[in-house]
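Just below is one structure, and these are the notes that go with it.
Protein chains: 2
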Amino acid sequence: MSIGIVSPQVMHFAEPLPLQGGSALADYSLTYETYGTLNADKSNAVLVCHALNASHHVAGVYADDPDNVGWWDNMVGPGKSLDTDRFFVIGVNNLGSCFGSTGPMHANPATGKPYGADFPVVTVEDWVNAQARLADRLGITCFAAVMGGSLGGMQALAWSMMYPDRLRHCLVIASTPKLSAQNIAFNDVARQAILTDPQYHGGDFYAHGVVPKNGLRVARMVGHITYLSDDDMAEKFGRDLRSGQYQFGYGVDFEIESYLRYQGDKFSTYFDANTYLLITKALDYFDPAREFGGDLAKALACTKAKFLLVSFTTDWRFSPERSREMVQALVANKRRVSYAEIDAPHGHDAFLLDDARYMKVVREYYGSIWTELQQEGRA
Amino acid sequence: MSIGIVSPQVMHFAEPLPLQGGSALADYSLTYETYGTLNADKSNAVLVCHALNASHHVAGVYADDPDNVGWWDNMVGPGKSLDTDRFFVIGVNNLGSCFGSTGPMHANPATGKPYGADFPVVTVEDWVNAQARLADRLGITCFAAVMGGSLGGMQALAWSMMYPDRLRHCLVIASTPKLSAQNIAFNDVARQAILTDPQYHGGDFYAHGVVPKNGLRVARMVGHITYLSDDDMAEKFGRDLRSGQYQFGYGVDFEIESYLRYQGDKFSTYFDANTYLLITKALDYFDPAREFGGDLAKALACTKAKFLLVSFTTDWRFSPERSREMVQALVANKRRVSYAEIDAPHGHDAFLLDDARYMKVVREYYGSIWTELQQEGRA
Numbered sequence: 001m002s003i004g005i006v007s008p009q010v011m012h013f014a015e016p017l018p019l020q021g022g023s024a025l026a027d028y029s030l031t032y033e034t035y036g037t038l039n040a041d042k043s044n045a046v047l048v049c050h051a052l053n054a055s056h057h058v059a060g061v062y063a064d065d066p067d068n069v070g071w072w073d074n075m076v077g078p079g080k081s082l083d084t085d086r087f088f089v090i091g092v093n094n095l096g097s098c099f100g101s102t103g104p105m106h107a108n109p110a111t112g113k114p115y116g117a118d119f120p121v122v123t124v125e126d127w128v129n130a131q132a133r134l135a136d137r138l139g140i141t142c143f144a145a146v147m148g149g150s151l152g153g154m155q156a157l158a159w160s161m162m163y164p165d166r167l168r169h170c171l172v173i174a175s176t177p178k179l180s181a182q183n184i185a186f187n188d189v190a191r192q193a194i195l196t197d198p199q200y201h202g203g204d205f206y207a208h209g210v211v212p213k214n215g216l217r218v219a220r221m222v223g224h225i226t227y228l229s230d231d232d233m234a235e236k237f238g239r240d241l242r243s244g245q246y247q248f249g250y251g252v253d254f255e256i257e258s259y260l261r262y263q264g265d266k267f268s269t270y271f272d273a274n275t276y277l278l279i280t281k282a283l284d285y286f287d288p289a290r291e292f293g294g295d296l297a298k299a300l301a302c303t304k305a306k307f308l309l310v311s312f313t314t315d316w317r318f319s320p321e322r323s324r325e326m327v328q329a330l331v332a333n334k335r336r337v338s339y340a341e342i343d344a345p346h347g348h349d350a351f352l353l354d355d356a357r358y359m360k361v362v363r364e365y366y367g368s369i370w371t372e373l374q375q376e377g378r379a
Numbered sequence: 001m002s003i004g005i006v007s008p009q010v011m012h013f014a015e016p017l018p019l020q021g022g023s024a025l026a027d028y029s030l031t032y033e034t035y036g037t038l039n040a041d042k043s044n045a046v047l048v049c050h051a052l053n054a055s056h057h058v059a060g061v062y063a064d065d066p067d068n069v070g071w072w073d074n075m076v077g078p079g080k081s082l083d084t085d086r087f088f089v090i091g092v093n094n095l096g097s098c099f100g101s102t103g104p105m106h107a108n109p110a111t112g113k114p115y116g117a118d119f120p121v122v123t124v125e126d127w128v129n130a131q132a133r134l135a136d137r138l139g140i141t142c143f144a145a146v147m148g149g150s151l152g153g154m155q156a157l158a159w160s161m162m163y164p165d166r167l168r169h170c171l172v173i174a175s176t177p178k179l180s181a182q183n184i185a186f187n188d189v190a191r192q193a194i195l196t197d198p199q200y201h202g203g204d205f206y207a208h209g210v211v212p213k214n215g216l217r218v219a220r221m222v223g224h225i226t227y228l229s230d231d232d233m234a235e236k237f238g239r240d241l242r243s244g245q246y247q248f249g250y251g252v253d254f255e256i257e258s259y260l261r262y263q264g265d266k267f268s269t270y271f272d273a274n275t276y277l278l279i280t281k282a283l284d285y286f287d288p289a290r291e292f293g294g295d296l297a298k299a300l301a302c303t304k305a306k307f308l309l310v311s312f313t314t315d316w317r318f319s320p321e322r323s324r325e326m327v328q329a330l331v332a333n334k335r336r337v338s339y340a341e342i343d344a345p346h347g348h349d350a351f352l353l354d355d356a357r358y359m360k361v362v363r364e365y366y367g368s369i370w371t372e373l374q375q376e377g378r379a
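In order, the protein sequences belong to chains A and B. Using full-length UniProt numbering, you'd call the opening residue of the first sequence number 1 and step up by one each time. Using full-length UniProt numbering, you'd call the opening residue of the second sequence number 1 and step up by one each time.
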């Protein structure tokens, strides 16, 4: 059952947020949604962190936009794996996004004009700090769980290191402790496509009334390829031709071309180019082991949470091997870790899709969290 | 030992070449090079077919450009795996290329202006037909071998089907009987980057005195990622930073970014955008099993050559699995096939690199071809 109609809320922060890059955001807002009911001692809150092109809209629909279903609606809702009849779930739009929270298209208070490319390059750690302030305001001192997939999983992992006393459980799905050279390479192709689009205007395209559509389109196409598995693409599209025969030109021959161009076109109509740039940088920069000489176990030594990690066999973007690295580093610290490697054909995108085994693993994990709360008389 | 100084030659063809796409090239030239000496009965000729961004310049250097070493100089030369003391080796620049043979930047005889995007989309089969005409002129009725890597391997395979009596051996290295949906997807990203670059001017950029540099650059960057293995990229670049620390901007942070941008920049200075488009189309279209309902064994039933196939374990562009499909289809036809799967870390690029086991496999195979010729009194 879906959570039904939901409404986003906005929280304004006047105290400056210091950023990892050295600057600060003087003044900012976070857009967020909540589902379920916060219990009396505020111990049943779960923070859900979003990935590259998602938002605070995790579940449900809007009254005025009933087709706009939250990106993890299959996971979060009454009776679902993350059961909103039990837990109070929060989705926060990250700073720099283009879906509500303060971002590059908003006015820079210093100039009165849109930030554009001057919006600071924020990091996973900056997002976590901003989320912690939002939790402070809501009076949540310790989350029952922080959870995320992909880039959202990085935020969950960062929570376990930055605020070890503020989460009891950490759920890291289809994620990685750092991007590989190949991951960074794909991100940089996407960035170069945007940055070299003449319509980008050095990030100041708002003033010109245009968008770097071509750059965004190519960026999305290349990104999309990395979200799908080779096998899944072969299964869905193979070498199917749009019109049954070769065109001997540069229009559409293959269904896969049509699909990717459609995805690219659609993306370029709603996603902000500066947001794309900064989010891919946040991905590239995330590397908590870096200040520990590359030793992930040392980086995770400060954690106190219990962990669930999930990976998907055909995910070649953040492969199971990357999750196993995290599991090993946590086990080396004697943390309690559950790990599921799901044999699924859908590549990286699998973390967003229905898969009975995956949903069951998460459901049972939240069941155990609920049992913990009950045993403590909190639920 | 290198073959030393070589010179390209040009052969002009006045008879029209009918093309698979339905049109014809009325008049064209092929640029080619030869190494070694053709024997009396012209039985020691080996045709080497080139891949996407290579040319007829297979081995040696030019007198006026001593740093311009042929792309397979490590493979072809006196005493090398393909020994030019024994064999007469021919490299032919494919039609539509930008390195000499008739291509999009040459004048269309119908208009007197550069073909541009009007240059017909040629196919692997068209190239093979053009190569066969060049062989006719040279009086070579049957090649000792036709050999190629990647797209060159497709041409070798096409030779074995289109002219089964004109080659005794077929060497197909790091190739595939058809592109996967993922391969096509990457090609289309590259094409879209070029086609949507405003400097492309619908293919007519020559008249504007510009090049679609940004599009070519992104195209090359994405292509280059698919030539390298994830492991190799991790080994060579990892997460190494250019200046030792994050820049928190959109310049260069990581060495891999610097490397790819350099490769893209360099490529955009010498490669023709229309050539890139048409060669990627030739790759996409190659699918000899297509007219046999997808049955590769049926497509290969007409072959008469003996085969050597080589693949490389970390090649995720044209993986060993694709070579094994060809081996199985040939074995199903009771063809004599040798197959080597080389455990090499360098991804698709491995076919161009020195690897002792790889070079030994090819050397021994050509040794057996030479023994055959000797036994027949031809060598």
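Ideal Cβ positions, reconstructed from N, Cα and C, are used throughout, including at glycine.
Beta-bridge partners of residue 311(B), as assigned by DSSP: 341(B)
Separation of residue 39(A) from residue 374(A), as counted between CA atoms: 12 Å
Endpoints, the beta strand (DSSP E) within which residue 29(A) is located: 28-35
Chain-ordered neighbours of residue 246(B) on chain A, where CB pairs are closer than 9 Å: 20, 21, 121, 123, 281, 284 and 285
Where the stretch 177-203 of chain B meets chain A: residues whose CB sits under 7 Å from a CB there: 178, 180, 181, 182, 184, 185, 186, 188, 189, 191, 192, 193, 195, 196 and 198
Residues within the stretch 286-317 of chain A neighbouring chain B, beta-carbon criterion of under 7 Å: 287
Paired residues, beta bridge with residue 241(A) - DSSP: 254(A)
Where the beta strand (DSSP E) through residue 89(B) begins and ends: 88-92
Residues that residue 260(A) contacts on chain B, provided the C-beta gap is smaller than 8 Å: 185, 188 and 189
Length of the line joining the Cα atoms of residue 282(A) and residue 13(A): 22 Å
Backbone CA spacing between residue 44(A) and residue 79(A) [nearest angstrom]: 15 Å
Cut-off 8 Å between Cβ atoms - residues of its own chain near residue 353(A), not counting five sequence neighbours on either side: 74, 344 and 346
For residue 173(B), the first and last residue of its enclosing beta strand (DSSP E): 169-173
Among 173(A), 152(A) and 160(A), nearest to residue 143(A) - alpha-carbon criterion: 160(A)
Segment contact, 8 Å Cβ cut-off, at least three pairs: the stretch 290-304 of chain B with the stretch 195-208 of chain B: no
Residue 286(A) versus residue 179(A) - alpha carbon distance: 7 Å
Contact under 8 Å by Cβ, residue 363(B) with residue 81(B): yes
Chain B contact for residue 214(A) (CB, 8 Å cutoff): yes
Residue 154(A) (DSSP reduced to helix, strand or coil): helix
Coarse secondary structure for residue 5(A), derived from DSSP in three states: strand
Pairwise C-alpha distance: residue 150(B) and residue 305(B): 19 Å
Counted within 10 angstroms of its Cβ, other Cβ atoms place residue 10(A) as buried (16 or more) or exposed: exposed
Cβ pair residue 25(B), residue 102(B) closer than 8 Å: yes
Minimum C-alpha distance to residue 225(B) - residue among 120(A), 189(A), 202(A) and 246(A): 189(A)
At least 3 beta-carbon pairs within less than 8 Å: the stretch 109-122 of chain B vs the stretch 21-37 of chain B: yes
Terminal residues of the beta strand (DSSP E) in which residue 149(A) lies: 145-149
Cβ-based neighbour list, residue 31(B), same chain, cut-off 6 Å, excluding 5 preceding and 5 following: 8, 10, 56, 93, 100 and 101
Cα-Cα separation, residue 288(A) to residue 301(A): 11 Å
Beta-carbon gap between residue 182(B) and residue 221(A) smaller than 8 Å: no
Proximity test, Cβ basis, 8 Å: residue 250(B) and chain A: yes
Minimum Cβ-Cβ distance from residue 222(A) to chain B less than 8 Å: yes
As assigned by DSSP and simplified to three states, the class of residue 115(B): coil
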